[in-house]
Ligand code: ADP
Ligand code: 5GP
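Numbering (this note's numbering), first residue to last: 3 to 188.
Okay, here's the thing in C-alpha cells:
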C-alpha cells in the first residue's frame, strides 16, 4: 500500500516548522520531506537537514531536468520539493509531510489528489508578528515582507481541507496527529 502525503502551509511565523519537527520526532511512521531553497541558511540551519541549500543556478538546472514535484518563488527565494524526497518513500508505504507554501500546496493537490492539505495559522495578526519577531532569525525588511505576504497567503485557507489555529504547541500537535491518524485509517 502506498503512503499518504500531508501538506502543511500557512503564513510565515505561524508555527508550522515547530509543530512539524516535533510530530515527526514522535511519530515513527511519518517522515518530513527536506525542501530545496535558494535562501541563505539561518544560523544553526544544516544543509540536508533543514533544507538543501543551493544557488539559483543549480535550482534552475533542476527545474529544467524536471526534478521537482512542485516549486515556487516565496518571499523572493525559490523553494521546492524534489521528487527524490518523496517518490520512493511513498512507494515503500511511508507517510510524508511537506511543509511548503500555499502555491506549492496547490501544485501538490493537482498531482496527488488524495494529498491532505492542512492550513496552520496564528490566533491573530498581532501574535503572528510577535512570533516572527520573537524567532529572531530575520531582518526587519524580511519580517515586513513576510507579514505583507501573510495577507495573500490567508486567502488560501478556504482551499485547505483542515485548519489548525496554533494557540498552544502541544494542542496543535494533538490536532495534527488526529488528522493524520484519521486519514491513514481511511
Ligand atoms: P513557521 O515555520 O510557520 O514560519 P516557526 O515554527 O518558525 O514558524 O515559529 C515561529 C516562532 O513562533 C518560533 O520562534 C516558535 O518557537 C514560535 N511558536 C511556534 N508555535 C508557537 C505557539 N503555539 N505559541 C507561541 N510561540 C510559538
Ligand atoms: P522559511 O524561509 O521560513 O524556511 O520558509 C518560507 C516559506 O517557504 C514557508 O511558507 C515554507 O512553508 C515555504 N517552503 C519551504 N519549503 C518549501 C517547498 O519545498 N516548496 C514550497 N512551495 N514552499 C516551501
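C-beta atoms are modelled at their ideal positions from N, C-alpha and C, and glycine is treated no differently.
Item: Would you call the CB atoms of residue 91 and residue 102 closer than 9 Å?; Value: no
Item: Alpha carbons only, please: which of 131, 156 and 155 is nearest the one belonging to residue 144?; Value: 131
Item: Does residue 64 pass the burial test, meaning 16 or more other C-beta atoms within 10 Å, or should it be called exposed?; Value: buried
Item: What do you reckon, is the C-beta of residue 105 under 8 Å from a heavy atom of the ligand 5GP?; Value: yes
Item: Hey, could you find the ends of the beta strand (DSSP E) residue 61 is sitting in?; Value: From DSSP, residue 61 is part of no beta strand (DSSP E) but of the alpha helix (DSSP H) over 58-66.
Item: Comparing alpha-carbon positions, which option in 134, 161 and 166 lies nearest residue 151?; Value: 134
Item: Considering residue 152, what are the terminal residues of the alpha helix (DSSP H) in which it resides?; Value: 142-156
Item: Mind checking who residue 11 pairs with in its DSSP beta bridge?; Value: 121
Item: Can we say the segment 76-88 touches the segment 33-44, given the rule of at least three CB pairs closer than 8 Å?; Value: yes
Item: Out of 184, 120, 139 and 141, state which residue places its alpha-carbon closest to the alpha-carbon of residue 22.; Value: 120
Item: Shortest alpha-carbon distance to residue 109 belongs to which of 73, 125 and 136?; Value: 73
Item: Determine which residues share a DSSP beta bridge with residue 165 and list them.; Value: 121
Item: Alpha carbons only, please: which of 49, 105 and 44 is nearest the one belonging to residue 71?; Value: 105
Item: Short of 6 Å in beta carbon distance, which residues of its chain neighbour residue 15, apart from the five on each side in sequence? Order them along the chain.; Value: 130, 133 and 134
Item: Go through its chain and collect everything with a Cβ distance to residue 76's Cβ below 6 Å, but skip five positions before and after it.; Value: 103
Item: Taking 9 Å as the cut-off, decide whether the C-beta atoms of residue 178 and residue 78 are in contact.; Value: no
Item: With DSSP collapsed to three states, give me the class of residue 102.; Value: coil
Item: Given a threshold of 16 other Cβ atoms within 10 Å of its Cβ, counted over all protein chains shown, does residue 153 qualify as buried or as exposed?; Value: exposed
Item: Residues bridged to residue 33 by DSSP?; Value: 98
Item: Within 10 angstroms of its Cβ, does residue 168 collect 16 or more other Cβ (buried), or is it exposed?; Value: buried
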